[in-house]
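Data first, discussion second: the structure below is written as structure tokens.
There are 2 protein chains.
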Amino acid sequence: MISVAIVEDDDVIREAVREYLDSQDNMICTAAKPSVEHFLAVLNEETLPDVILMDIGLPGMSGISGMKLITAKYPGVNIIMFTVYIDSHKIFESLCAGASGYLLKNTSFPDMKQAIEIIHGGGSMMSPPIARKVMEHFHAGRKKRVTSPLTDKEKEIVQGLVDGLSYKMIAGSSSISIETVRTHIKNIYKKLQVHCKADVIRKSLSGEI
Amino acid sequence: MISVAIVEDDDVIREAVREYLDSQDNMICTAAKPSVEHFLAVLNEETLPDVILMDIGLPGMSGISGMKLITAKYPGVNIIMFTVYIDSHKIFESLCAGASGYLLKNTSFPDMKQAIEIIHGGGSMMSPPIARKVMEHFHAGRKKRVTSPLTDKEKEIVQGLVDGLSYKMIAGSSSISIETVRTHIKNIYKKLQVHCKADVIRKSLSGEI
DNA sequence: GGGGGTATCCCATGTTTGTGGTATATTTAG
DNA sequence: CTAAATATACCACAAACATGGGATACCCCC
């Protein structure tokens, strides 16, 4: 019997997963909490499950921070990150912080069950797109730079952001209006699927752009 | 229709895999050779398959060397290493040389078929024990920086900034008030002699902190 | 015991950023 | 040629940020 805990803020998903796992004859869901804080409140040596399914995008403490706390206290526990993010940074931060698996939320219930069984058996499981990212991390040698979706002007703006310039300073150094800078940045955010400067800087410095 | 090539010296395994794949209605086995040399002799733009199943322990040129030759000439091809080795060095050498997947020879035919489909679809697939090795590789990569002038709490805040979190989110994930976050950030700026988030993120990612 | 550093919290003010619009000229691709 | 993409520019509003204060409490060291 494999004991499993779920930390997921979406009530519908959490309860659906809980019901599915509980209906399996080799699994039991010992906890289903909407946040890391709620989960930590009931976690101790007695209640420690074999496997923890942890969302990343949680209210309050993030799933990654939560995992760091949990693995620091219980190094042997198996944690599966369970999320919508395919962002390289989040993946590698999770892996470095001790995750044993990384499943996307579009994973089917049977696949999820299989992942739990595999990880409980000492293996590891990643959704294929995640595995691909991990692979590509090793392929560092031959990268195609043609993958950038940004135009030259947009790349120029990004460089300004990376250099720590404000919109006003970018406008000055490119001799365009600050409003134009704002428009470019809106388009950049749309293309990169981000919502703040920090993400652009991180992606740029990590070679994702 | 996915075209697949097999490079495997064991006649029994090679022919069994070839027959199985050919019997699938969405796959065709375009080549089944006992060595890299035999395979290279028939490989060109015309015969290039979508996916190559490559053994590592081959007579003559090893599968890893063969893969390096093939990926150098055809960067887009998907190669799955197919072997008995769980040796870390062989795994990472394969991944670094451009493998898109890594299957153990005890993999069932249906799982192999699924792996080929996943990899052809842009994902990636590793047998669970391999994935575990890869995970552990990241777990080992936790390092500390001794030169940092920042306190642990301040580094925690910096990490939040790098992750693209707002002050509010950092406050939430660290369970402190947003005002405390602001105070910490004021102190961080003073210590690092900077005046905006962007500079902190850049310094952090470039290893200056 | 006092001083320095850390961690916590609050207020106020002005600036910057994020996001939703709209709009025009130019270039590029189909 | 028409449609799409690009580069330019503006408005408005809410949220987030940067910076200046001040305050309490803890701990360590001299």
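Here the protein sequences come in this chain order: U and D.
Position one of the first sequence corresponds to residue 1 (this note's numbering), numbered consecutively onward.
Position one of the second sequence corresponds to residue 1001 (this note's numbering), numbered consecutively onward.
Note that CB positions come from ideal geometry on N, CA and C, so glycine has one too.
This structure is a prediction, so every number in the text was calculated from the model and none was measured.
Closest Cα partner of residue i within the set the options
i       : options                           : result
E46/U   : L58/U, A31/U, V36/U and P59/U     : A31/U
L69/U   : N44/U, Q24/U and D111/U           : N44/U
V162/U  : H195/U, I201/U, S174/U and D152/U : I201/U
H195/U  : F1109/D, V1134/D and G1164/D      : G1164/D
P149/U  : K90/U, I13/U, K197/U and K203/U   : K203/U
I1188/D : T1151/D, S1174/D and G1172/D      : T1151/D
K113/U  : K90/U, D25/U and A198/U           : D25/U
Same chain, Cβ closer than 6 Å to residue i, neighbours up to 5 away in sequence not counted
i       : result
K143/U  : The predicted model places K143/U with a pLDDT of 46, which falls under 50 and marks its position as unreliable; any figure quoted below should be read in that light. Closer than 6 Å at Cβ, skipping near neighbours: no residue.
A16/U   : none
C1029/D : V1004, R1018, L1021 and D1022
Residues that residue i contacts on chain D, provided the C-beta gap is smaller than 7 Å
i      : result
S213/U : Because chain U spans 1 through 209 in this model, residue 213/U falls outside it and cannot be assessed.
L161/U : A1198
S65/U  : S1173
Proximal residues of chain U, C-beta to C-beta of residue i below 7 Å
i       : result
K1190/D : Result: empty, since nearest Cβ-Cβ is about 16 Å, beyond 7 Å.
I1201/D : A198, I201 and R202
D1088/D : Residue identity check: residue 1088/D is Ser in the sequence provided, not Asp. Correct list: empty, because the minimum Cβ distance to chain U is about 13 Å.
Proximal residues to residue i (C-beta, below 8 Å), its chain only, five neighbours per side dropped
i       : result
V146/U  : Confidence in V146/U is poor, its pLDDT being 49 and thus under 50, which makes the residue's placement unreliable; the coordinate value appears in the next sentence. There are no such residues.
S1062/D : V1036 and I1056
Under 8 Å from the C-beta of residue i: neighbouring residues of chain U
i       : result
F1109/D : Neighbours of F1109/D on chain U: none; closest Cβ ~17 Å, over 8 Å.
L1104/D : Those within 8 Å of L1104/D in chain U number zero; the least Cβ separation is about 10 Å.
G1172/D : P59, G60 and M61
I1118/D : P128
S1100/D : R132 and M135
Beta-carbon proximity of residue i to residue j, cut-off 8 Å
i       : j       : result
A1115/D : G1101/D : yes
S1127/D : A131/U  : no
I965/D  : I1118/D : Past the boundaries of the shown model lies residue 965/D; chain D is included only from 1001 to 1209, so the question cannot be answered.
F1138/D : C96/U   : yes
I985/D  : K1168/D : Nothing in the structure corresponds to residue 985/D, since chain D is present only between 1001 and 1209.
D1010/D : P1059/D : no
K105/U  : V77/U   : no
I2/U    : D50/U   : yes
S94/U   : M81/U   : yes
Chain U contact residues for residue i, given Cβ-Cβ distances below 9 Å
i       : result
F1092/D : F138
Listed by chain order, chain D residues near residue i by CB distance under 9 Å
i      : result
L205/U : I1201, R1202, L1205 and S1206
Neighbour list for residue i in chain D, Cβ cutoff strictly below 8 Å
i      : result
G164/U : V1194, C1196, A1198, D1199 and R1202
Own chain partners of residue i with C-beta closer than 7 Å, once the 5 adjacent residues on each side are dropped
i       : result
Y74/U   : L48
H1184/D : K1153, E1154 and I1157
I1170/D : I1157, G1160 and V1181
request  = Quick one: which residues of the region 1051 to 1062 of chain D get their C-beta closer than 7 Å to a C-beta of chain U? List them in chain order.
outcome  = none
request  = Using a Cβ-Cβ cut-off of less than 7 Å, list which residues of the region 174 to 187 of chain U approach chain D; keep chain order.
outcome  = none
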